[in-house]
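In the working numbering, the protein residues as written are 6 to 518.
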């Protein structure tokens, strides 16, 4: 739980400069942050005050002091570009939650020769303002249930930091508390995105108080190195969650459908399903030689998007509810579509068309039909598709070092094209179980081209395929074929065992009756 401090988070520096040791010009500025008379300030935070001293001479957009400005001075002094936004997202959101006021501030390193403890230069606001100009840019947009929109923007460059918060209406006390509770989650998402390699940390942002907030949107653009940029776009509301990201390792998209809460299982069932899906990703990564960084980012994002759906809304009257054996035939997770692809790499200079690639798709779709609880049908389909290409040495354990020299051109070029599906269906007529089926299918295709001194010696394609269809009516109701009716514990064990069998199996050799 996040508590909002009673600290006055935004105080005009002109009113506190003597106590806080802030050197200001004779110009005035408003508490919401626009410098007056076209001038600004060179500031040393902390002389004889609680705020820390910056060893750099900083030019500020305006004289509005705040805890956010104090952090800006600290980060300019101590942090690399990746750490310039350290703590700022959390503090700025707390600041908005505390006073609900607009705030804008920019700090940039003054030109050489400017003393940190003196004011000796005037600049125009257009020269000072660095909003939207940094290499690292993060924005958070939150819409409350009452329709008020809160927008936070942070950006950092090699010599500047800028923050801005706008609130287009009045916030209720409940909305302020809901905003404050997201402050740590917002900072974690920033910290993960600015790491190298980046890490996708969105789980906290999905846990907003839906009784007070209607939607949350996060956008980020972060400089990873001298030439690469990582981008991210996230959205969450009561009906859906979506995220997409793109960077040097590759790109990904995930969409989660929250509109059919009747299909959600218990937290324990969801955890089992999530672990199973992540295992499918790991298996695909191993078979297709996927990039470990991209796989880790996808798994982090997939986990965050599916780790907790919150409290389901109250079911409508006469709506269809899933019973225990219906839930055994489903994963318990919300439906989703997910895919990622790593950046193509032309690793063989002698054959640039032979690229190392990896792409993977994963999805789940559930259908609940029927006219009543007594006449209902539930079906669910899981699907996956792996497509990959990679180079490998001819002999296991050998080191591959492809160059333009013919002597280096001894290798295998391998193509992987795999699909898998798992479908379940259960139906009732007048309360009587009429159908319960499980169908699984897996298809592997591996193509191998082998080269010696740059000339292809062989081209082989090896398919592998297997399917399974099971009628589960007698499993669910063994008394139909003269077997004893299951007691409570026996039935629970049977349903748990059945649920463990419904998941995707991408290896055809492991599909068994």
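All C-beta atoms, glycine included, are put in the ideal place defined by N, C-alpha and C.
Buried or exposed by the 16-neighbour rule on C-beta atoms within 10 Å, applied to residue i
i, result
"residue 39", "Bear in mind that a pLDDT of 36 at residue 39, under 50, signals an unreliable position, so the number given afterwards is only what the model happens to contain. The residue is exposed, with fewer than 16 neighbouring Cβ atoms inside 10 Å."
"residue 181", "buried"
"residue 128", "Its pLDDT being 41, under 50, residue 128 is placed unreliably by the model, and nothing is read from it."
"residue 185", "buried"
"residue 364", "buried"
"residue 311", "buried"
"residue 367", "buried"
"residue 385", "buried"
"residue 524", "Outside the modelled stretch of the chain, which goes from 6 to 518, sits residue 524, for which no answer is possible."
"residue 379", "exposed"
"residue 104", "buried"
"residue 188", "buried"
"residue 192", "buried"
"residue 461", "exposed"
"residue 476", "exposed"
"residue 466", "exposed"
"residue 80", "buried"
"residue 458", "exposed"
"residue 275", "buried"
"residue 2", "Nothing about residue 2 can be reported from this structure: the residues present for the chain run from 6 to 518 only."
"residue 472", "exposed"
Assigned secondary structure, residue i (DSSP; H/G/I helix, E/B strand, else coil)
i, result
"residue 285", "helix"
"residue 172", "strand"
"residue 61", "coil"
"residue 142", "strand"
"residue 501", "helix"
"residue 74", "helix"
"residue 375", "strand"
"residue 400", "coil"
"residue 407", "coil"
"residue 195", "helix"
"residue 474", "strand"
"residue 387", "strand"
"residue 205", "coil"
"residue 85", "coil"
"residue 290", "helix"
"residue 239", "strand"
"residue 279", "helix"
"residue 479", "helix"
"residue 487", "coil"
"residue 272", "helix"
"residue 511", "coil"
"residue 90", "coil"
"residue 361", "strand"
"residue 190", "helix"
"residue 352", "coil"
Same chain, Cβ closer than 8 Å to residue i, neighbours up to 5 away in sequence not counted
i, result
"residue 151", "174, 177 and 180"
"residue 86", "140, 141, 161, 162, 163 and 228"
"residue 510", "425, 427, 445, 447 and 516"
"residue 298", "202 and 254"
Range of the contiguous beta strand (DSSP E) that encloses residue i
i, result
"residue 424", "416–434"
"residue 451", "437–457"
"residue 246", "245–252"
"residue 228", "218–228"
"residue 346", "340–347"
"residue 258", "255–262"
"residue 156", "154–162"
"residue 108", "108–114"
Own chain partners of residue i with C-beta closer than 6 Å, once the 5 adjacent residues on each side are dropped
i, result
"residue 512", "none"
"residue 340", "262, 369, 370 and 371"
"residue 199", "87 and 227"
"residue 258", "249 and 344"
"residue 519", "This structure leaves residue 519 out entirely; the chain is present only between 6 and 518."
"residue 293", "363, 391, 393 and 421"
"residue 383", "331, 373 and 431"
N-terminal and C-terminal residue of the alpha helix (DSSP H) that residue i is part of
i, result
"residue 302", "297–311"
"residue 101", "93–104"
"residue 182", "178–186"
"residue 333", "329–333"
Other residues of its chain near residue i: CB distance less than 7 Å, five sequence neighbours each side excluded
i, result
"residue 309", "205, 206, 207, 208 and 211"
"residue 333", "500, 503 and 504"
Expected contact under 8 Å - CB spacing of residue i and residue j to nearest Å
i, j, result
"residue 170", "residue 101", "5 Å"
"residue 218", "residue 147", "6 Å"
"residue 267", "residue 249", "Between residue 249 and residue 267 the Cβ distance is about 28 Å, and since that is not below 8 Å, they are no contact."
"residue 398", "residue 405", "5 Å"
"residue 295", "residue 347", "6 Å"
"residue 442", "residue 474", "7 Å"
"residue 270", "residue 337", "2 Å"
Check: residue i C-beta below 7 Å from any heavy atom of the ligand ATP
i, result
"residue 95", "With respect to small molecules bound, the structure shown includes none, and the ligand ATP cannot be examined in it."
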